[in-house]
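Keeping their order, the protein sequence lines are chains A and B. Going by this note's numbering, the first residue of the first sequence is number 1, and it counts up by one from there. Going by this note's numbering, the first residue of the second sequence is number 1001, and it counts up by one from there. Here the structure is laid out as structure tokens; the discussion comes afterwards.
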Amino acid sequence: MSFWRRNRAFFKLAIVTNLEYRFNYILDSIGQPIVTSGVELAFWSAIFASTGQQTIAGFDLHSYMAYAIWASFMARISVNWMYEFRMIEEVESGGLNTLLVRPMSFFEYYLSQFLGYKIVTTLISLTIPVAVTVALGFPMIWSRLLPAMGLAVYYLVFLFIMSFIVVTFAFHLTRIQGISVAKNLALWIFSGELLPLDIFPEPYRSALIHLPFSSGVFIPVAYITGRVDATVLYSGVLSISVGIAALSAIAYPMWKWGLRRYVGTGA
Amino acid sequence: MSSPFAIETTDLFRSYRTYEKNPGIWGSLQGFWNRKYTEKMALAATNLQIEPGQIVGMVGANGAGKTTLIKVLSGLIVPSGGQAKVLGFTPWERDYRYLRQMTVLLGQKNQLWWDISPNDSYSLLADIYDLDRGKAKNRVQELAGLLDCGSVLKTQLRRLSLGERMKMEIIGCLLHDPKILFLDEPTIGLDIVAQTAIRKFLAEYVKEKKPTVILTSHYMDDIAKLADRLLLISKGQIVYDGTVPGFAQKSKSKQKITFALTEPCAHPLILAEQHFPQGTLQFSVEVTDHQLPSTMNQITSLTGITDLRLEQVDFEEVIHDFMRGG
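Pasting the structure below:
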């Protein structure tokens, strides 16, 4: 009972905190998706215009535009810059002190906030790709949207455990923003945000799609835009599950090891 | 709890590894390839027994080891060696049953949520500690009334003054009625009015609730007015463990004579083994009981004395003398 009670409270905390700063919240949930969608549309239009081809790797401009619009939306969900940096900062600055002395875990505190923030902003941001897709008539299978979103939310748990592991390096190295940036740039490619993974040649294509990272952007977007079928979605669920199991096995020992080094600086 | 003590430590110590950097760019380049680490003893082997309900004041210079001891006992950091039991729990295992019974106030650190109002923070704390919402609300009102800060409960924490923030932090710390309080510099940086209000509040609180308290402060008044046991820490070691009055008794300097002359003194003076050069106008002499009569005789034989006063030496000065080895 107390577990759910406090985690519900952390979930709400993320919403309350972010609503305190209205301008930043609106910019983050609406402004950013509009800008990234615009950039992606311009990018693919330019590529098709310069190559003069009707299709690339079997897909036409509308397919790529649909992919680009939804990929920028999904990518916005499936990154953890903000909370990962906050978590690193807690360890670096000693802010972790205030969390360690309370009957709760750092992991649940940030996971619940992360999910709270993502789910609420996602519902608002969703209006942008929906509006663009309807307005411009991009290919889209609406009945697939809910399962795709479910996969994205499941991916968030995997993503968060990855962030948690990155944070444990801060106990030993203090300044680790470089690791965080490198990881997020790698995810930019591996998730399919930069380019659809199905345009890579084999065997890279299959390898990338079967890694859990593809469930962040490529699989849900490819599924709703009709590039892949449900079997790929299920393989995404499976690869995330394996990923979560593997990361969890190392996350807890790394955290315990880090805490032994922690000095609670700043107090 | 089998032990009769609320807090018990056996050879508890903590050392840190620190990196020594030579100054300048060359030092940074050297440090990039070849870092020289040294081990620093933050807390030497400490054996401590504190009974339930005792209020222990810890005094020591910056870096003496006070905060390290609090951090270990509250479970924030893991010691390098030794044992500790607080309410029967090993603190750094962070058992929730232990964390629900203790609180830490780190005066130099915000513990409430910066971006939301204290009321929202207290509501969150009620959820974390699984408290009854109605009772928690009443408790906030009660504590805010005692601290005279009810008007700012709905204001975002970041917009409050330091004194108001500290009051909010104190309410947050006490919301769950902890049995153990670790208070690290609760009045640091506050003006005299806020210091007095918080000191008064804490005195009333401990009298009513009888928690076990470990308090550190740079303001000796905090310790003198609140603590019934004094620990003096120097360079990671406890150098005095006893009562506050006992410590004052132990001190050699107990009274201070101050006076002025209408004309600068014509010759150098030696009063209670302290030298005053020719031309001195204002005098301040610390004396023991034994030195008092002869020194007073010496002073009253001087001509043109004004504003002669005899007062007890300030507790803060006694501590400083002790730490200096005086």
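No residue lacks a Cβ here, since even glycine has one placed at the ideal position from N, Cα and C.
So what's residue i in DSSP terms, helix, strand or just coil?
| i | result |
| --- | --- |
| B:E1164 | helix |
| B:Q1111 | coil |
| B:L1232 | strand |
| B:Y990 | Since the first residue of chain B shown is 1001 and the last is 1326, residue 990 of chain B is not available in this structure. |
| A:T231 | helix |
| B:Y1219 | coil |
| B:S1117 | coil |
| B:G1326 | Below a pLDDT of 50, predicted positions are generally treated as unreliable, and B:G1326, at 48, falls in that range; the measurement from the model is reported next regardless. DSSP places B:G1326 in coil when its eight states are reduced to three. |
| B:G1242 | strand |
| B:H1267 | coil |
| B:Q1054 | coil |
| A:Y21 | coil |
| B:F1259 | strand |
| A:V39 | helix |
| B:S1080 | coil |
| B:E986 | Only positions 1001 to 1326 of chain B appear in the structure, and residue 986 of chain B is not among them; the question remains open. |
| B:D1127 | helix |
| A:A267 | Unreliable positioning characterises A:A267 in this predicted model, as indicated by a pLDDT of 43, which lies under 50. A coordinate reading is not provided. |
| A:T133 | helix |
| B:A1006 | coil |
| B:D1095 | coil |
| A:A287 | The displayed coordinates of chain A run from 1 to 267. Any statement about residue 287 of chain A would go beyond what the structure contains. |
| A:A251 | helix |
Look at the alpha carbon of residue i and the alpha carbon of residue j, and state the distance between them as a whole number of angstroms.
| i | j | result |
| --- | --- | --- |
| B:G1326 | B:E1142 | Per-residue confidence for B:G1326 stands at a pLDDT of 48, beneath the threshold of 50, marking its modelled position as unreliable; no derived number is given. |
| B:E1008 | B:Q1049 | 5 angstroms |
| A:F10 | A:L197 | 35 angstroms |
| B:S1284 | A:L259 | 52 angstroms |
| B:C1265 | B:R1159 | 55 angstroms |
| A:T94 | A:G150 | The sequence shown places Gly at residue 94 of chain A, rather than the Thr named in the question. Those two C-alpha atoms are separated by around 35 angstroms. |
| B:S1117 | B:K1135 | 19 angstroms |
| B:F1005 | A:I189 | 59 angstroms |
| A:R144 | A:I219 | 11 angstroms |
| A:I240 | A:A148 | 14 angstroms |
| B:K1154 | B:S1015 | 42 angstroms |
| A:I119 | A:G192 | 21 angstroms |
| B:I1128 | B:A1227 | 30 angstroms |
| A:T225 | B:N1119 | 46 angstroms |
| A:Y154 | B:L1131 | 32 angstroms |
| B:L1310 | B:L1232 | 27 angstroms |
| A:P203 | A:I30 | 38 angstroms |
| A:I45 | A:V35 | The sequence given here places Ser at residue 45 of chain A; Ile does not occur at that position. Their Cα atoms are separated by approximately 15 angstroms. |
| B:S1301 | B:H1290 | 19 angstroms |
| A:D28 | A:N7 | 24 angstroms |
| A:V263 | B:T1038 | 15 angstroms |
| B:D1222 | B:W1026 | 46 angstroms |
| A:F48 | A:I199 | 14 angstroms |
| B:G1304 | B:L1281 | 10 angstroms |
| B:P1211 | B:P1052 | 7 angstroms |
| B:A1126 | A:K256 | 27 angstroms |
| A:A170 | B:F1276 | 57 angstroms |
| A:L115 | B:R1139 | 31 angstroms |
| B:Q1298 | B:Y1240 | 35 angstroms |
| A:I56 | A:T127 | 28 angstroms |
| B:A1260 | B:V1287 | 17 angstroms |
I think residue i touches residue j, with their Cβ atoms under 8 angstroms apart; what is that distance to the nearest whole Å?
| i | j | result |
| --- | --- | --- |
| B:A1194 | B:M1220 | So it is not a contact: roughly 17 angstroms between Cβ atoms. |
| A:S78 | A:L159 | 6 angstroms |
| A:I250 | A:I165 | 7 angstroms |
| B:M1058 | B:L1174 | About 20 angstroms; that fails the 8 angstroms criterion. |
| B:V1217 | B:E1185 | Note on residue identity: the sequence assigns Ser, not Val, to residue 1217 of chain B. Rounded, the Cβ-Cβ distance is 6 angstroms, consistent with contact. |
| A:L247 | A:M162 | 6 angstroms |
| B:F1247 | B:S1074 | Rounded, the Cβ-Cβ distance is 25 angstroms, inconsistent with contact. |
| B:R1199 | B:I1055 | Contact doesn't hold; Cβ gap of about 12 angstroms is too wide. |
Query - contact_flag[the segment 1103–1112 of chain B, the segment 1031–1045 of chain B] where n(CB pairs < 8 angstroms) is 3 or more - result: no
Requested in this report: Output the residue ranges of the alpha helix (DSSP H) runs that lie fully inside the segment 90–125 of chain A and measure 4 residues or longer, sorted by chain position.
Outcome: 97–100, 106–125
**Report entry** Given 8 angstroms, three or more beta-carbon pairs between the segment 227–241 of chain A and the segment 111–118 of chain A
**Finding:** no
Requested in this report: Report yes or no: do three or more beta-carbon pairs, one from the segment 182–201 of chain A and one from the segment 91–107 of chain A, lie closer than 8 angstroms?
Outcome: no
Requested in this report: Return the chain-ordered ranges of every beta strand (DSSP E) run that is complete within the segment 1130–1188 of chain B and spans a minimum of 3 residues.
Outcome: Scanning the segment 1130–1188 of chain B for uninterrupted beta strand (DSSP E) segments of 3 residues or longer gives 1180–1184, listed from N- to C-terminal end.
**Report entry** Touching by the beta-carbon criterion (3+ pairs, under 8 angstroms), the segment 65–80 of chain A and the segment 1067–1078 of chain B
**Finding:** no
Requested in this report: Assess, as a yes-or-no matter, whether the segment 1009–1025 of chain B is touched by the segment 1079–1089 of chain B under the definition of 3 or more beta carbon pairs within less than 8 angstroms.
Outcome: yes
Query raised in the report: At what residue ranges does the segment 138–182 of chain A contain a whole run of the alpha helix (DSSP H), taking only runs of 4 or more?
Result: 145–168, 170–173
Query raised in the report: For the 8 angstroms Cβ check, are there 3 or more pairs between the segment 1137–1152 of chain B and the segment 13–24 of chain A?
Result: no
Query - Given 8 angstroms, three or more beta-carbon pairs between the segment 58–66 of chain A and the segment 129–141 of chain A - result: yes
Requested in this report: Write down every uninterrupted run of the alpha helix (DSSP H) in the segment 177–223 of chain A whose length is 4 residues or greater and which is fully enclosed by it, in chain order.
Outcome: Here the runs fully enclosed are 177–190, 204–210.
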